[in-house]
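Student: Position 258 of the sequence shown, counting from 1, maps to 257 under numbering that gives the first Met the number 0, and the rest follow consecutively.
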Amino acid sequence: MSNAPPPGPAASPFEQHLRDQVILPGRAYTFDMDDGPERAHLAKVGPFGQALEFLESGVQGEYAKADADASAHQRVHRWLARCSIVSGALAVMLAIIQQAVARTIPQWAGFAAVLEGIAALAGLVAVCFGLYVKHDKRWFVHRHVAERLRMIKFLALGQADLWAGQVQEWKSWVEARVADVVKIRKLDPSKQFEEVKDWAKSGEAEPVEPVPPVEPSVAPDILRAGATYYQWKRVEYQARYFETQAGKLRKQVGPLHHWGVWFFFGASLAVLVHLFADWRAAATAGAVHEVWHFVGVWGLAAAALLPVVNLSRRVWIGAFELVHSASLFEAKQRALKALSAQLHRDCENLPATMHHIAHVEHFLEHEHREWLRLLLEAEWFL
0 MSNAPPPGPA ASPFEQHLRD QVILPGRAYT FDMDDGPERA HLAKVGPFGQ
50 ALEFLESGVQ GEYAKADADA SAHQRVHRWL ARCSIVSGAL AVMLAIIQQA
100 VARTIPQWAG FAAVLEGIAA LAGLVAVCFG LYVKHDKRWF VHRHVAERLR
150 MIKFLALGQA DLWAGQVQEW KSWVEARVAD VVKIRKLDPS KQFEEVKDWA
200 KSGEAEPVEP VPPVEPSVAP DILRAGATYY QWKRVEYQAR YFETQAGKLR
250 KQVGPLHHWG VWFFFGASLA VLVHLFADWR AAATAGAVHE VWHFVGVWGL
300 AAAALLPVVN LSRRVWIGAF ELVHSASLFE AKQRALKALS AQLHRDCENL
350 PATMHHIAHV EHFLEHEHRE WLRLLLEAEW FL
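1. Please state the DSSP three-state secondary structure of Gly157.
2. In the DSSP assignment, find the unbroken alpha helix (DSSP H) run with Trp258 in it and report its ends.
3. In this structure, how does DSSP classify Tyr62 when only helix, strand and coil are distinguished?
4. I'd like to know if the stretch 44–51 and the stretch 106–117 are in contact, where contact means that at least 3 CB-CB pairs between them fall below 8 angstroms.
5. Please confirm if the stretch 333–344 is in contact with the stretch 217–230, defined as three or more CB-CB distances below 8 angstroms between the two stretches.
6. What's the C-alpha gap between Gln237 and Ala10?
7. Along the alpha helix (DSSP H) that carries Ile356, what are the first and last residues, could you check?
8. Can you tell which of Ala178, Ile95, Leu327, Ala300 has the C-alpha that lies nearest to the C-alpha of Ser267?
9. Have a look at Ala70 and Arg313 and give me their C-alpha separation to the nearest angstrom.
10. Please report the Cβ distance between Leu54 and Lys152, rounded to the nearest whole angstrom; I am assuming they are in contact, meaning their Cβ atoms lie under 8 angstroms.
11. Counting C-beta neighbours from all protein chains within 10 Å, is the total for Lys420 16 or more, i.e. buried, or is it exposed?
12. Could you tell me whether the Cβ atoms of His361 and Glu146 are closer together than 8 angstroms?
13. Give the secondary structure of Ile22 by DSSP, where H, G and I count as helix, E and B as strand, and everything else as coil.
14. In the structure shown, what three-state DSSP assignment does Gln165 receive?
15. Where do the ends of the alpha helix (DSSP H) carrying Gly48 lie?
16. Go ahead and pull the three-state DSSP assignment for Ile104.
17. Buried or exposed for Glu208, please, with buried defined as at least 16 other CB atoms from any protein chain shown within 10 angstroms of its CB.
18. Please work out which residues of its chain come closer than 7 angstroms, Cβ to Cβ, to Val296, disregarding the five sequence neighbours upstream and downstream, and give them in chain order.
19. Just how far apart, CA to CA, sit Gln106 and Val144?
20. Within a Cβ cutoff of 7 angstroms, which residues of the same chain sit near Ser339, ignoring the five residues on either side of it in sequence?
21. Would you mind giving the Cβ-Cβ distance between Gly298 and Ala269, rounded to the nearest angstrom? I have them listed as a contact below 8 angstroms.
22. Would you kindly check if the distance between the Cβ of Arg372 and the Cβ of Ala245 is under 8 angstroms?
23. Below 8 angstroms on the Cβ atoms is my guess for Ala88 versus Val307; work out the distance and round it to an integer in Å.
24. Terminal residues of the continuous alpha helix (DSSP H) containing Lys182?
25. Classify Val287 as buried or exposed, calling it buried when 16 or more other Cβ atoms lie within 10 Å of its own Cβ.
26. Could you tell me if Ala303 is buried or exposed, where buried requires 16 or more neighbouring beta carbons within 10 angstroms of its beta carbon?
27. So Leu161 packs on Glu347, CB below 8 angstroms; how close in whole Å?
28. Apart from the five residues on each side of it in sequence, which residues of its chain come closer than 7 angstroms, Cβ to Cβ, to His292?
29. Less than 8 angstroms separating the beta-carbons of Trp172 and Gln158?
30. Nearest to His16 by CA position, among Met32, Ala65, Gly60, Leu41, is which residue?
31. At what residues does the alpha helix (DSSP H) containing Ala39 begin and finish?
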């Protein structure tokens with residue numbers, strides 16, 4: 000991904016700093032919400048820097064707690080999903096294998112049955128534990144709270160009160176919205192989930208167009224610093240995140256994506272092998288009959304196993320949204336790069352900057368609602 004600035008005003012030292020910082024691996028997950036390395040630059044743009052200090056004190060702490068909780072629940076959810084899928088698939092496959100072993104190598108049938116039982120028990124325990132603890136729903140709720148707090152931080156930068164110098168009114172706006180989101184974490188767990196579901200199904204079709212202050216109280220250099228901050232901290236960082244995630248997901252799903260047709264072909268071929276072997280077994284006797292009987296039984300087992308493997312592959316992909324998310328991430332990355340170019344071009348124009356911030360935040364809010372709805376519709380989300 001190119002890190003060169005789009006056409007527009009020449010890069011300031013602050014913008015160059017942000018361009019250098021956004022690509023650092025150590026800030027891959029903290030760049031947008033952590034302004035520590037930017038404090039020296041922000042100290043030079045007094046009112047805007049002070050506004051960010053307020054956002055850090057009023058938003059960052061609650062965001063960090065929600066983000067940590069969401070990440071913890073997501074890790075457990077992913078572990079349980081992997082365990083359930085793998086052990087469940089193994090249990091079914093071993094059941095098929097056990098039947099084939101009993102007809103061809105009977106002395107090994109007991110061992111195969113033990114393995115089948117272990118896999119089935121592991122899958123059952125993982126599923127039951129997941130249903131009881133509901134880590135998927137807890138991840139869902141806490142991730143939503145964290146993302147809403149992230150939205151508040153950046154939407155606050157496009158408020159007219161901030162640029163009109165009405166600092167107290169602006170702070171009250173931020174505090175009210177933070178309180179409205181944080182209260183979700185204090186609800187009963189069942190009500191938390193319903194609250195987020197209702198929010199996911201709502202939303203404005205179009206962004207609310209901001210009204211610029213009649214008498215802006217902002218110097219041109221401070222306005223440009225604010226626009227530059229928003230461009231790199233919000234838009235470029237989010238575009239980079241989408242691109243990185245799309246690449247990771249494509250890499251994960253690449254070897255699996257087109258295997259379905261080959262599994263179907265293999266199962267059909269195995270059926271033909273089974274039929275041919277049964278025909279030959281019926282026409283022969285002795286050692287030759289035993290060989291064809293062995294081939295026929297294992298051909299039938301393969302015909303049953305391959306669809307199970309393919310179904311497990313599809314469940315694995317669906318459980319982690321791999322293909323769908325990769326496609327969405329790529330499309331959204333392209334859209335954000337276009338919005339970033341517009342912000343850079345208009346970084347010295349307050350009405351245009353406020354307009355762009357409103358549209359970016361509406362775009363990302365819609366993206367978050369869409370992500371929530373996709374999770375709610377996923378087969379594995381119970």
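By construction, the Cβ of each residue, glycine as well, lies at the ideal position given by its N, Cα and C atoms.
Tutor: Put simply:
1. On the sequence shown, position 158 is the one that residue 157 refers to. DSSP, reduced to helix, strand and coil, places Gly157 outside both helices and strands of the structure shown, so it counts as coil.
2. Along the sequence shown, one-based indexing puts residue 258 at 259. Trp258 -> no alpha helix (DSSP H), and no H or E assigned at all.
3. Counting from 1 along the sequence shown, the entry for residue 62 is found at position 63. Residue state for Tyr62 is assigned as helix, using DSSP reduced to three classes.
4. The stretch 44–51, when compared against the stretch 106–117, does not touch it at the 8 angstroms Cβ threshold.
5. As far as the Cβ criterion goes, the stretch 333–344 touches the stretch 217–230, which means the pair count is three or higher.
6. Mapped onto the sequence shown, residue 237 falls at position 238. Mapped onto the sequence shown, residue 10 falls at position 11. Distance between the alpha carbons of Gln237 and Ala10 is about 20 angstroms.
7. Counting from one through the sequence shown, the residue named residue 356 turns up at place 357. Boundaries of the alpha helix (DSSP H) harbouring Ile356: 349–376, taken from the DSSP string.
8. Reading the sequence shown from its first residue, position 268 is the one you call residue 267. Taking each of Ala178, Ile95, Leu327, Ala300 in turn and checking the Cα distance to Ser267, the smallest one comes out for Ala300.
9. By one-based count along the sequence shown, residue 70 stands at place 71. By one-based count along the sequence shown, residue 313 stands at place 314. A small fix is needed here, since residue 70 is Ser in this sequence, not Ala. Answer to the nearest angstrom: the Cα atoms are 25 angstroms apart.
10. Sequence index remark: in the sequence shown, residue 54 carries index 55 (1-based). Sequence index remark: in the sequence shown, residue 152 carries index 153 (1-based). The distance from the Cβ of Leu54 to that of Lys152 is about 5 angstroms, consistent with a contact at the 8 angstroms cut-off.
11. As displayed, the chain neither begins before 0 nor continues past 381, which places residue 420 out of reach and without an answer.
12. Residue numbering aside, residue 361 sits at position 362 when the sequence shown is read from its first letter. Residue numbering aside, residue 146 sits at position 147 when the sequence shown is read from its first letter. Remark: C-beta atoms of His361 and Glu146 do not approach each other more closely than 8 angstroms.
13. Residue 22 sits at position 23 when you count from the first residue of the sequence shown. Three-state DSSP puts Ile22 in coil, outside helix and strand.
14. Reading the sequence shown from its first residue, position 166 is the one you call residue 165. DSSP places Gln165 in coil when its eight states are reduced to three.
15. Residue 48 sits at position 49 when you count from the first residue of the sequence shown. For Gly48, the uninterrupted alpha helix (DSSP H) segment begins and ends at 45–54.
16. Counted from its first residue, the sequence shown places residue 104 at position 105. Coil at Ile104, not helix or strand.
17. Numbered from 1 along the sequence shown, position 209 holds the residue referred to as residue 208. With fewer than 16 other Cβ atoms within 10 Å, it is exposed.
18. Walking along the sequence shown from the start, residue 296 turns up at place 297. Counting only residues of its own chain and dropping the five nearest sequence neighbours on each side, Val296 has a CB closer than 7 angstroms to the CB of Ala99, Arg102, Thr103.
19. As a working mapping, residue 106 is identified with position 107 in the sequence shown. As a working mapping, residue 144 is identified with position 145 in the sequence shown. If you draw a straight line from the Cα of Gln106 to the Cα of Val144, it is about 57 angstroms long.
20. What you label residue 339 is simply residue 340 of the sequence shown in a count that begins at 1. Once the five neighbours on either side are set aside, the close Cβ partners of Ser339 are Pro5, Gln230, Val234, Glu235, Ala238.
21. Stepping through the sequence shown from its first residue, residue 298 is reached at position 299. Stepping through the sequence shown from its first residue, residue 269 is reached at position 270. Contact holds; Cβ gap of about 5 angstroms.
22. If you number the sequence shown from 1, residue 245 lands on position 246. If you number the sequence shown from 1, residue 372 lands on position 373. Cβ atoms of Ala245 and Arg372: not closer than 8 angstroms.
23. One-based indexing of the sequence shown puts residue 88 at position 89. One-based indexing of the sequence shown puts residue 307 at position 308. Between Val307 and Ala88 the Cβ distance is about 6 angstroms, and since that is below 8 angstroms, they are a contact.
24. Numbered from its first residue, the sequence shown carries residue 182 at position 183. No alpha helix (DSSP H) contains Lys182, which DSSP labels as neither H nor E.
25. Residue numbering aside, residue 287 sits at position 288 when the sequence shown is read from its first letter. Classification for Val287: exposed.
26. Here the question's residue 303 lines up with position 304 in the sequence shown. When all chains shown are included, Ala303 counts as buried.
27. Residue numbering aside, residue 161 sits at position 162 when the sequence shown is read from its first letter. Residue numbering aside, residue 347 sits at position 348 when the sequence shown is read from its first letter. Not a contact, Cβ separation roughly 17 angstroms.
28. One-based indexing of the sequence shown puts residue 292 at position 293. Close CB contacts of His292 within its chain, under the 7 angstroms cut and outside five residues either way in sequence, are with Ala280 (chain order).
29. Within the sequence shown, numbered from 1, the residue matching residue 172 stands at position 173. Within the sequence shown, numbered from 1, the residue matching residue 158 stands at position 159. In this structure, Gln158 lies closer than 8 angstroms to Trp172 by Cβ.
30. The count along the sequence shown starts at 1 and reaches residue 16 at position 17. Nearest to His16 by alpha-carbon distance, out of Met32, Ala65, Gly60, Leu41, is Leu41.
31. Here residue 39 is taken as the residue at index 40 of the sequence shown, counted from 1. Per DSSP, the continuous alpha helix (DSSP H) segment holding Ala39 begins and ends at 38–41.
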